[in-house]
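Protein chains in written order, with the numbering used here: chain A, 341 to 540; chain B, 341 to 540.
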């Protein structure tokens, strides 16, 4: 049994490593922006589901067997999707929007059984509450944080933890890969997660 | 400004390091069991509050200045406190109790200003939901996990993440140090958390 992560995200890799799960990484090379531009009328849930499916299937298509895990995470507030901030101004707008509010983190997950192309998907939702941020805190964050490669401009497992008052749902979903959703999808494909454990 | 962590817990240290906070570690040498045995009639909230205060004050007493952070974490289900499992049987009882249920993780935090012995305390609560565990999963966990030094026998940031379906509250409280509670206590002592940042 092989698990293949169809993502170059270091954070998803770190979660699987923390869980002591045996996996390989294959980049999906999916053109995310192209898919997004075709889905402007879709809900965030439909979007992350479609993107995770596209990544998983693009890799599964190249393989004879193995279970291919694709995932896509977005940050949503008032039905608006917040992607990766392109510049400091965009980051500041995001942090001001999140300040003293609760937003949603959605991750779509798809697993495809490459041997028969059977594929299952699911979307996990976690609510993240930011406390009220002061201007000097936003200044400091803009100056010191690595925000450009992160949806919503923050990572809960880094210094932005100073801004987060509480979460409701799966913590690892916010990091980038919802653990229970992934186990449930494996079960739907009649696979026991223990098969992939390095210490199983 | 100096922050002193009155705890040898590697997990609390890791949280402060992740936040890029400058701190020193001084062990409090408080006899936790003695305090607990005197507080059998107290609520879990009173207990973690008292233990965090004891740790913070024991260290502050030895110092001329600095802000001394003490913390104590317990796991609570149906008003019962779950400590560190002494043996495999005790661990199995805990996991069976947690299975398919939501328990509470309480952390008491106290900060003492050693220069004037002013001291503020708070208790953070996070709910942690376990999915239903199968017998073979408990067998596997007992065999492979390092559970003896952990309240409730698990660490959310290790393989037990495979058992947790969701949390409600501060994630870092479950790891051992609630971040917002700590910042709020510093503010109550008129200290801005930025004073302790290595990249402030």
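Every residue, glycine too, gets a C-beta built ideally from N, C-alpha and C.
(request) Go ahead and label residue 434/B buried or exposed: buried means 16 or more other beta carbons lie within 10 angstroms of its beta carbon, across all protein chains shown. (result) buried
(message) Going by beta-carbon coordinates alone, are residue 551/A and residue 450/A separated by less than 9 Å?
(response) Beyond the ends of chain A as shown, which are 341 and 540, falls residue 551/A; an answer cannot be given.
(request) Look at residue 515/B and residue 495/B and say whether their C-beta atoms are less than 9 Å apart. (result) yes
(request) Tell me whether residue 357/B is buried or exposed, calling it buried when 16 or more other Cβ atoms sit within 10 Å of its Cβ. (result) exposed
(request) Give, in chain order, every residue of the region 481-514 of chain B whose Cβ lies closer than 8 Å to some Cβ of chain A. (result) 484, 496, 497, 498, 499, 501, 502, 504, 505, 506, 507, 508, 509, 510, 511 and 512
(request) Provide the residue span of the beta strand (DSSP E) that contains residue 411/B, from first to last. (result) 407-417
(request) Identify the continuous beta strand (DSSP E) that holds residue 506/A and give its terminal residues. (result) 504-509
(message) If I measure Cβ to Cβ from residue 499/A and keep anything under 8 Å in the same chain, skipping five residues before and after, which residues do I get?
(response) 481, 484 and 485
(request) Write down every uninterrupted run of the beta strand (DSSP E) in the region 472-540 of chain B whose length is 3 residues or greater and which is fully enclosed by it, in chain order. (result) 504-509
(message) Quick check on the burial criterion: 16 or more other C-beta atoms within 10 angstroms. Buried or exposed for residue 538/A?
(response) exposed
(request) At 7 Å on the CB atoms, spell out the chain A contacts of residue 534/B, in chain order. (result) 480
(message) For residue 511/B, count the other beta carbons within 10 Å of its own beta carbon; 16 or more makes it buried, fewer makes it exposed. Which is it?
(response) buried
(request) Could you name the residues of chain B that residue 367/A contacts, counting a contact when the two beta carbons are closer than 9 Å? (result) Those do not exist, as residue 367/A stays about 25 Å from chain B at its closest Cβ, beyond 9 Å.
(request) State the DSSP-derived secondary structure class of residue 464/A, mapped to helix, strand or coil. (result) strand
(request) Alpha carbon to alpha carbon, how far is residue 419/A from residue 362/B? Give it in angstroms, no decimals. (result) 39 Å
(message) I'd like to know if the region 450-469 of chain B and the region 421-428 of chain B are in contact, where contact means that at least 3 CB-CB pairs between them fall below 8 Å.
(response) no
(message) Check this for me: beta carbons of residue 345/B and residue 366/B, under 9 Å apart or not?
(response) yes
(message) Please list, in chain order, the chain A residues whose beta carbon lies closer than 7 Å to that of residue 360/B.
(response) 499
(request) Confirm, please, whether the CB-CB distance from residue 399/A to residue 452/A is below 9 Å. (result) yes
(request) Let me know if residue 521/A comes out buried or exposed under the rule of 16 or more other beta-carbons within 10 Å of its beta-carbon. (result) buried
(request) To the nearest angstrom, report how far apart residue 437/A and residue 430/A are at their CA atoms. (result) 11 Å
(message) For a contact defined as C-beta to C-beta under 7 Å, what are the partners of residue 519/A on chain B?
(response) 501 and 502
(message) Quick check on DSSP: helix, strand or coil for residue 441/A?
(response) coil
(message) With distance defined between alpha-carbon atoms, name the residue in 349/B, 528/B and 526/B nearest to residue 368/B.
(response) 349/B
(message) Mapping the DSSP letters down to three states, classify residue 629/A as helix, strand or coil.
(response) Past the boundaries of the shown model lies residue 629/A; chain A is included only from 341 to 540, so the question cannot be answered.
(message) Residues in the same chain with beta-carbon distance under 7 Å from residue 378/B, minus the five sequence neighbours each way, listed in chain order, please.
(response) none
(request) Round the Cβ separation of residue 531/B and residue 401/B to the nearest angstrom and send it over; I've been treating them as touching at under 8 Å. (result) Residue 531/B to residue 401/B, Cβ: 20 Å. No contact.
(message) Could you give the first and the last residue of the continuous beta strand (DSSP E) run that contains residue 343/B?
(response) 343-345
(request) Specify, as a first and last residue, the run of the beta strand (DSSP E) that residue 421/B falls within. (result) 420-422
(message) Quick check: the Cα distance between residue 375/B and residue 467/B, rounded to an integer number of angstroms?
(response) 25 Å
(message) I want to verify the contact list: residues of chain B whose CB lies under 7 Å from the CB of residue 471/A, in sequence order.
(response) 520
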